[in-house]
Amino acid sequence: MAEKNGGEGQRRSFSRGTVIFREGDIGNEAYLLHQGTVRIFKTVAGRRVTIGMVRPFQVFGELSMMDESPRMAGAIADDDIVCLILPKQAIRAMMDQAPEGLATLIQSMLATMRSMGRELADARATLAERDGDG
1 MAEKNGGEGQ RRSFSRGTVI FREGDIGNEA YLLHQGTVRI FKTVAGRRVT
51 IGMVRPFQVF GELSMMDESP RMAGAIADDD IVCLILPKQA IRAMMDQAPE
101 GLATLIQSML ATMRSMGREL ADARATLAER DGDG
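What follows is the structure, given as structure tokens:
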């Protein structure tokens, strides 16, 4: 179910198990989670590998939207969720009108990058132990 929210975005519900976007999709919007949990995943050897979890009041899908690159990962509703879909134009207008909104978006992006860095370090350590390099 979708409904408009003052021209700034669209409120939408997704049922548990619904893929919100896939790795490789073009990202023209970001998502602000209001309710539920979203699982961020990569597909490795045909299996979904969880690389992060999104909780209420966190933004996801923002990285590819900002640089217009394909999405680096997919997102799936871990349970029934409600989110606000924020199109690129709405975010750009928010950044022009409210610098504090830009700061919030940058903080979200940095948190995502830090999380990805930790996941990468953990994966490298696991591989090094497995391969006897550690």
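Numbered according to the UniProt record's numbering, the sequence shown spans residues 1 to 134.
C-beta: ideal position from N, C-alpha, C; glycine also.
Since this is a predicted model, take the numbers as computed values, not measurements.
Cutoff 8 Å; reference residue i; Cβ partners in own chain excluding five residues on either side
| i | result |
| --- | --- |
| Gly61 | Ile20, Phe21, Gly27, Glu29, Ala30, Tyr31, Arg71, Ala75 |
Start-to-end residues for the alpha helix (DSSP H) that takes in residue i
| i | result |
| --- | --- |
| Met72 | Per DSSP, Met72 belongs to no alpha helix (DSSP H) and is neither H nor E. |
Alpha-carbon spacing of residue i relative to residue j, whole angstroms
| i | j | result |
| --- | --- | --- |
| Arg92 | Ala123 | 35 Å |
| Pro99 | Thr50 | 33 Å |
| residue 135 | Lys88 | Given that the chain is displayed from residue 1 to residue 134, the structure contains no residue 135 and the question cannot be resolved. |
| Cys83 | Ala111 | 19 Å |
| Arg39 | Thr18 | 11 Å |
| Ala73 | Leu120 | 14 Å |
| Gln10 | Ala125 | 41 Å |
Proximity to residue i [Cα-Cα], best of the options
| i | options | result |
| --- | --- | --- |
| Ile81 | Leu63, Gln58, Met94 | Gln58 |
| Asp25 | Ser108, Met116, Leu33, Lys42 | Lys42 |
| Met65 | Val54, Arg130, Leu86, Gly46 | Leu86 |
| Glu23 | Gly46, Ala90, Leu127 | Gly46 |
| Met109 | Gly36, His34, Leu63, Phe14 | Leu63 |
Residues that residue i bridges to, as DSSP identifies them
| i | result |
| --- | --- |
| Gln35 | Val82 |
Unbroken beta strand (DSSP E) run spanning residue i, endpoints
| i | result |
| --- | --- |
| Gly52 | 47-54 |
| Phe57 | Here Phe57 belongs to no beta strand (DSSP E), and DSSP marks it neither H nor E. |
Neighbourhood of residue i by C-beta, 6 Å cutoff - its chain only, sequence neighbours within 5 removed
| i | result |
| --- | --- |
| Gly52 | Ile40, Ser115 |
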